[in-house]
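Notes follow the structure.
Protein chains in written order, with our numbering: chain Z, 225 to 624; chain C, 35 to 419.
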């Protein structure tokens, strides 16, 4: 009797397991997906910022024509005469990480730019601390710079927005110029905040492209790196809103940029039904996504990747319909140049919005030719063609 | 097996036995796998097509191979947490050293195997000679390898190796009837599994299990325990290397490939009813555990669980499944045997002295203890039988 009871209870357990799987999953096919989606959208979607970036996409940037890293959109200038002084200055750079190919490419470019400024006598040296994607480490790095760095200017590429705000404020309190770039912080104390137009613009560019190429009811698989990073979340928030409005059936996944994961996701989606489009919030792993279509023996999707060489090459090789959105990598040059301007007493934009233009199909050949020998992890719009060491330094991709 | 069947004299209970087999720790994972596959097929009938199924097997191959490697370590009474990092390191080695040069494929493959064996040897010697608990030793190895890989790559992808090298993970024998393609990975998995089953039945394989069951008796019976243990780590590192080779082909080079594989492998092994702490378990069930896990992930994909809480759903289901396996172990012990051991209690294995009759978390007063016929009458899953 006993034994039968335990067997029975085990069976009940198994059933509970199955029902649990069923309960948590089944309803989501319909309503709750939308619920979750709106929650996310509420959290990351910012209509004001969306409209601002949407408008900035159409503005012709001002500044030197052949130097996009010095161009600016709708700038309000601030006076920096209080910082004007002569002599070479020491820059202290608190970097979030160099743990993805985009940051690595920028980091190389930044160091070549540094060489130029050192030779010009503007910067004496740049001390860098790499926070390795950790908020805590970066806070400690910034505090170290404040206490013992003997810095003339702080350059900060924040790891995350909210967590880094107090540390950036402490840096501002030293009275020395503070330059923030890439991800933002929730304070306007920095002398200048340098960034490309932003995530919403990326989302709008990519979603509009896919919507135009696809038809209502088509399926788009969105491959996202990770949750919680504002520049990435904004890309998806904008794209998701537009897909929704256009009646595109978009489903999103977090991949951690792991190509094995990406391949599984695409294979499963292809097993479920046709996939007409692939949207990515960063190009890392784009090749694995395309290969999944090849392995399944189906037509290539319409796809948005990034200006990473691996995607551009695969795009060209397969001839698929694609777009390479760009999160301007050349922005890594701008902070050091801004420091030079600040010490020269020249005014700089308070919010320095750099141009951000996707690479359309017509321009792929041009960028492929320009970066012919660059490694797969290189970014086409890296903007370092006029720097010393070009192209060898980027081709060898030796991290400084 | 013999101990168990002598326990069941009644012929009329054969059918019940089959049912019990499916809900037993040894069979539970197969039941779970069947349930999951049926659920997937119901959600998405095209999954049941042979072509899709074989693709599924191809995808699971690396995980299953890693789980098979982990099985030997766990059944020998240790853990190997460094497997994921070994996979990552091998993937990066392949990407960086082979490049687009086909001619380098074989030398680099040999180098990777040597490197894998070396890592396993180091792991094993640290555990056996320096007496560092394997949990810590392999955790250290995991971090050391991960750090080295990050240092080498800076944490970002490098280019993929030559297509010829990737063929083994990506390609297969094409133009077959019914299944269209027979991926090389599937063949590799079949071979690895066959070798593992054969190996587990060999005296050496049984020695590993004996060592995990009771290190003291194994030593008294003349086992060179340091070598047996070290060899399990070498096996696991080599299996991780093999998984790395398949993954380079399947996915490509990225420092995130292989991340979390150690836990996937351990979960798969536990799901397969292998007892943590060693001495009990079946290698086929461990491989089936890997299939069940991947089937679960696939089911979540098919069911359209939103990405934001997918991980949470996965975690809960895995805990429930493992708890279920543990419950059936306990239920069987209470039902048939006599040692009222607390839970699946790995510690029980290291102290099999007849003190086992104390605190059960849920003692059953209505059941007077039998006289133990053998100390380990419940040990049906022992020894790859």
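Each residue gets a CB set at the ideal place from its N, CA and C atoms; glycine is no exception.
Residue j beta carbon less than 7 angstroms from that of residue i
i	j	result
residue 293 (chain Z)	residue 554 (chain Z)	yes
residue 601 (chain Z)	residue 325 (chain Z)	yes
residue 283 (chain C)	residue 204 (chain C)	yes
residue 296 (chain Z)	residue 289 (chain Z)	no
residue 285 (chain C)	residue 291 (chain C)	yes
residue 142 (chain C)	residue 155 (chain C)	no
residue 320 (chain C)	residue 308 (chain C)	yes
residue 117 (chain C)	residue 254 (chain C)	no
residue 418 (chain Z)	residue 558 (chain Z)	yes
residue 352 (chain C)	residue 298 (chain C)	no
residue 571 (chain Z)	residue 301 (chain Z)	yes
residue 180 (chain C)	residue 119 (chain C)	yes
Chain C within 7 angstroms of residue i, Cβ atoms only
i	result
residue 483 (chain Z)	yes
residue 480 (chain Z)	yes
residue 429 (chain Z)	no
residue 454 (chain Z)	no
residue 276 (chain Z)	no
residue 600 (chain Z)	yes
residue 496 (chain Z)	yes
residue 512 (chain Z)	yes
residue 487 (chain Z)	yes
residue 492 (chain Z)	yes
residue 551 (chain Z)	no
residue 605 (chain Z)	no
residue 241 (chain Z)	Any reading at residue 241 (chain Z) is ruled out, since the residue's pLDDT is 45, under 50, leaving its predicted position unreliable.
Residue from the options with nearest C-alpha to residue i
i	options	result
residue 226 (chain C)	C:128, C:332 and C:101	C:101
residue 198 (chain C)	C:87, C:160, C:173 and C:129	C:129
residue 413 (chain Z)	Z:574, Z:443 and Z:580	Z:574
residue 636 (chain Z)	Z:374, Z:379 and Z:444	Since the first and last residues shown for chain Z are 225 and 624, residue 636 (chain Z) lies out of range.
residue 617 (chain Z)	Z:389, Z:399, Z:331 and Z:434	Z:331
residue 427 (chain Z)	Z:467, Z:300, Z:599 and Z:557	Z:467
residue 387 (chain Z)	Z:377, Z:474 and Z:408	Z:408
residue 108 (chain C)	C:355, C:270 and C:327	C:270
residue 169 (chain C)	C:79, C:104 and C:92	C:104
residue 411 (chain Z)	Z:422, Z:396 and Z:423	Z:396
residue 381 (chain Z)	Z:352, Z:398 and Z:372	Z:352
residue 289 (chain C)	C:92, C:124, C:158 and C:327	C:124
Residue-level contact to chain Z via CB, residue i, 7 angstroms cutoff
i	result
residue 193 (chain C)	yes
residue 325 (chain C)	no
residue 415 (chain C)	With a pLDDT of only 40 at residue 415 (chain C), under 50, the local geometry of the prediction cannot be trusted, and the value read off the model is given with reservation. No, because no Cβ of chain Z sits closer than 7 angstroms to the Cβ of residue 415 (chain C).
residue 286 (chain C)	yes
residue 93 (chain C)	yes
residue 309 (chain C)	no
residue 291 (chain C)	yes
residue 134 (chain C)	no
residue 124 (chain C)	no
residue 80 (chain C)	yes
residue 177 (chain C)	no
residue 104 (chain C)	no
residue 298 (chain C)	no
Residue i CB to nearest heavy atom of the ligand SAM below 6 angstroms
i	result
residue 292 (chain Z)	By its list of ligands, the structure shown contains no ligand whatsoever, and the ligand SAM lies outside what it can speak to.
Where the alpha helix (DSSP H) through residue i begins and ends
i	result
residue 175 (chain C)	168 to 187
residue 231 (chain C)	218 to 235
residue 462 (chain Z)	454 to 470
residue 535 (chain Z)	533 to 542
Start and end residues, beta strand (DSSP E) containing residue i
i	result
residue 503 (chain Z)	501 to 504
residue 578 (chain Z)	575 to 578
residue 448 (chain Z)	443 to 448
residue 400 (chain Z)	That residue, residue 400 (chain Z), is in no beta strand (DSSP E); it is neither H nor E in DSSP.
residue 477 (chain Z)	473 to 478
residue 285 (chain Z)	Looking at the DSSP string, residue 285 (chain Z) is not in any beta strand (DSSP E), and its letter there is neither H nor E.
Exercise for the section: Spell out a yes or no on whether the stretch 252 to 267 of chain C and the stretch 139 to 152 of chain C are touching, meaning 3 or more CB-CB pairs, one atom from each, closer than 8 angstroms. Expected result: no
Exercise for the section: For the stretch 512 to 521 of chain Z and the stretch 365 to 374 of chain Z, state whether three or more C-beta atom pairs, one from each stretch, are separated by less than 8 angstroms. Expected result: no
Problem - Segment contact flag, the stretch 95 to 110 of chain C with the stretch 211 to 230 of chain C, C-beta cutoff 8 angstroms, min 3 pairs - result: yes
Handout entry: Stretch pair the stretch 306 to 315 of chain C + the stretch 227 to 246 of chain C: three plus CB contacts closer than 8 angstroms
Key = yes
Problem - Meets three-Cβ-pair contact criterion under 8 angstroms: the stretch 425 to 442 of chain Z and the stretch 403 to 411 of chain Z - result: Judged by Cβ distances under 8 angstroms, the stretch 425 to 442 of chain Z makes no contact with the stretch 403 to 411 of chain Z, as fewer than three pairs qualify.
Exercise for the section: Could you tell me whether the stretch 521 to 531 of chain Z touches the stretch 503 to 512 of chain Z, using the rule of 3 or more Cβ pairs below 8 angstroms? Expected result: yes
Practice task
Would you check if there are 3 or more beta carbon pairs closer than 8 angstroms linking the stretch 545 to 559 of chain Z to the stretch 582 to 593 of chain Z?
Solution key: yes
Practice task
Evaluate contact between the stretch 554 to 567 of chain Z and the stretch 372 to 390 of chain Z, counting only Cβ atoms and requiring at least three cross-stretch pairs below 8 angstroms.
Solution key: yes
Exercise for the section: Examine the Cβ distances between the stretch 507 to 515 of chain Z and the stretch 475 to 484 of chain Z and report whether three or more of them are shorter than 8 angstroms. Expected result: yes
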